[in-house]
Structure formats: structure tokens, C-alpha cells
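First comes the structure, then the notes that go with it.
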Amino acid sequence: MSGVNKISEALSAKMANMSFACACMIVLFHATPAPQTGSFAWWICHLLGREGICMIAVPWFFLSSGFFLAGHLGECEGWWKHEVVKRIRSLVIPFYIWMVVAVLFGITIWYMKVHVFHMQVKSSPFSLSPEMFILKISGLHPVEDIGVLWYLRCLFGLVLISPILYWLLRWKWVILATFTFFSLVVSWYFFNGGSEGFYFLFDRFISLRGLMYFFLGLILRAYQQLLLIDRKVASCSFALGVVLLVVDNRILLSGDVRWIGLFEAITVPFLLIGVLGLMTTRRSPKWLAGNSFPVFLMHNIFLSISSLGFKALGMYGDARYDLVMMFSRAFVAIVASVMISICIHRFFPRTSAIIFGGR
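Written as C-alpha cells, this is what we have:
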């Protein structure tokens, strides 16, 4: 794998555009409400949002991360040390900075919801014991939710074991099939009685799904022409993915959730191929496409603020406004994240290099 061929300009542009699109999908994913089952809003949310097309975002980021790391596997002596040091700057330092920001902001939002807007909240930020809190903020708690930052933790773990994955590349498709099998088993078990702790352990801490797509990215670096998908193939794949989504949601409405996890695992690749194939090879402006990571890191802050705004307007919790809140909150979070990122990059370049990992 050493000295893998360089990425073409067309593919580089397509992947940059895809990354920004997926960053926006993650925002829409987290802005998705829980509307009345079977309603029009429910169908829109389940076709576009959390249970819909937006499901491809995280798999794409794992795949593209593996793809780019593959260009450095074994390229020189000490390559692993170099990659780990680079990821400490680009992943670990931003992880801890934004963990502190998330905790402080979470406490502020909790206080405002409870004491200003008198909202019902599921849990208090002070519910964890000091020991569990330390494990959480250090990123070592295996089943505690840490928001979007779980991805940075998983990705750094995959970089740490990259020499093992590099060695396993000799059995490319066999190993990928093995990772896929275990990912499907975990997904099936979760939807058939697995606890939330089980889910967080194998999807957010030791992400088998992330490992599967990351390894696929490593493989695809040697077959990168496969990522330049023909538009006709992409259109057919996307259409099939949407049909599978509709069938999946019809099954969900019937109350039979036994095969939901497996169905989603089959649907995501078709949607991923479709969306990537439909991406243009014309590079978007750098101020836009270059802000994927800042949007990923900051969007939850603006989603939380916008939810308080809707609460103040008396719209929060009203089913009539589910779709209005979903799309407007996502739009505000994306625009605000991009604008703040541009300002920090322009006026505080050193700060931006630290908090955004050099991106």
C-alpha cells in the first residue's frame, strides 16, 4: 500500500463537497424532532432526517478518514508515529477543548431550560458521580453519551490500531466481510433487546460500524476510481435506497422492529453511493467546503440556542411546527457555524488552528 497513487483533482473536489454535505446532514440529523408516528412530518423526518438519508453522514466520515490515512500507510519509516502525532493535534486536542465547552454550555442550557423556561429535562448535568464525570470528560467512559465528540474518540482509536489494519489489508475483502458481519450482529442484537449501554459501547466507544467503513476506506484508496461513480449508477442506487427507506419505515409502522438494524445497514450503502455519485466534481469555495469540521463541532451549540428561541415563541413542543423547527434550526446552526468559523480563521488564526485541529 506504500506510495499509493495520488488523488485526482476531480475526486478530491467530489470528496470535499461530500464532506460538507455530510456535515450539514449531521446538523439535520440532530435537529430532527420526534413527530407523531405515521404523520406527514414523521414520514419527512424518517426519509430525510435521523432515520433517513442523513444516516449516511457518519459512515462517510469514517470511510473518507480511512481513505486519506491509506495514502500514508507504510510510506516511510516511523509513519505510524507521525500519523499519531498529527492526529493528536487534529483530533485529541480539539476533543478535549470541545468537551470542556460542551460541559459548560450544557450546564448553562440546563439552567435556562429549568429555571427560566421551566422546561422538562430528561437528566441533570450534575447527575454523574465525580468519578464518572472524570471518565466522561476524559473520553474514557464506555457508555456515557458525549455528543458528536464520540466520533473523534473512535477515529483516534482507529489511527492507533492502523498498523494492525495495515497488516490485515492482505486479506482485504475477507476482513471487510468479517467486520461487516460483526457490525450486523451488534445492530441486530441492539434492536432485539440490547441495552443502551451495549449500543454506546459497540457503536460509540468501540465502533464496529466505524471500523467497517474505515477499513473500506483503506481498501478504496487502491481502487479510488470506484469513487468516481457514474451518474446513472448513482441515480439508480439513490432511488433504490429511497425505496428501501420507505419499506423500512413501513415495517417500523407495523411495530416489527426485529430487522430494522439490518435493514438500515443494507440501505445506507445504496444511499451513500447515490449521494456521492451525484456530487459535482467542481470544487466548492474553500470558505464553504473547508468548514465541514467546524460545522460538525459547533452545530449543537446553535441547535440548543434555537430550541430556546422556539420555546420563547411558544412553538417548542407543538407538533404543528415540527418541520418548521427541524429545517430552520438546521439552517441557522449551519450558517452560524460557518460564519463563526470564518471569523475565527480570519481574526484569530492561531486559535483556529488549535480548536479546529488545523482545518
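Counted the way our numbering counts, the sequence shown spans residues 5 to 363.
Every residue, glycine too, gets a C-beta built ideally from N, C-alpha and C.
For residue i, the three-state DSSP class (helix, strand or coil)
i    : result
L77  : coil
G7   : In this prediction, G7 has a pLDDT of 44, which is less than 50 and means its spatial position is unreliable; what the coordinates show is noted afterwards. Residue state, collapsed to three classes: coil.
L144 : coil
M283 : coil
E87  : helix
P129 : coil
E135 : helix
R54  : coil
V261 : coil
A1   : Examination of residue 1 is not possible in this model, given that the chain is present from 5 through 363 alone.
D234 : coil
S69  : helix
S288 : coil
I210 : coil
I404 : Outside the displayed span of the chain (5 to 363) sits residue 404, for which this structure offers no information.
D252 : helix
Proximal residues to residue i (C-beta, below 8 angstroms), its chain only, five neighbours per side dropped
i    : result
F121 : L312, K315, A316
D149 : F204, R208
V342 : W291, L292, N295, P298, V299
Whole-number beta carbon distance between residue j and residue i, since they are thought to touch under 8 angstroms
i    : j    : result
L276 : W64  : 6 angstroms
V105 : V299 : So it is not a contact: roughly 15 angstroms between Cβ atoms.
L153 : W102 : 6 angstroms
M116 : V272 : Rounded, the Cβ-Cβ distance is 36 angstroms, inconsistent with contact.
P98  : L164 : Contact flag wrong, Cβ pair sits at about 17 angstroms.
7 angstroms CB neighbourhood of residue i in its chain, flanking five on each side removed
i    : result
A357 : none
A27  : S296, V299, F300
T36  : C49, G53, R54, M330
First and last residue of the uninterrupted alpha helix (DSSP H) at residue i
i    : result
C180 : Position check: residue 180 holds Leu in this sequence, whereas Cys was assumed. Unbroken alpha helix (DSSP H) run through L180: 176-194.
F431 : In the structure displayed, the chain extends from 5 to 363; residue 431 sits before or after that span and is not available.
D326 : 326-351
V107 : 97-115
Y227 : Neither: Y227 is in no alpha helix (DSSP H) and is coded neither H nor E.
F297 : 296-316
Other residues of its chain near residue i: CB distance less than 6 angstroms, five sequence neighbours each side excluded
i    : result
S310 : R333, V336
I223 : K176
W192 : G265, L266
G82  : none
F206 : V190, L212
R354 : none
S6   : Below a pLDDT of 50, predicted positions are generally treated as unreliable, and S6, at 46, falls in that range; the measurement from the model is reported next regardless. Closer than 6 angstroms at Cβ, skipping near neighbours: G78, E79.
Cβ of residue i within 9 angstroms of any chain C Cβ
i    : result
A181 : In the structure shown, chain C does not exist; there is a single protein chain.
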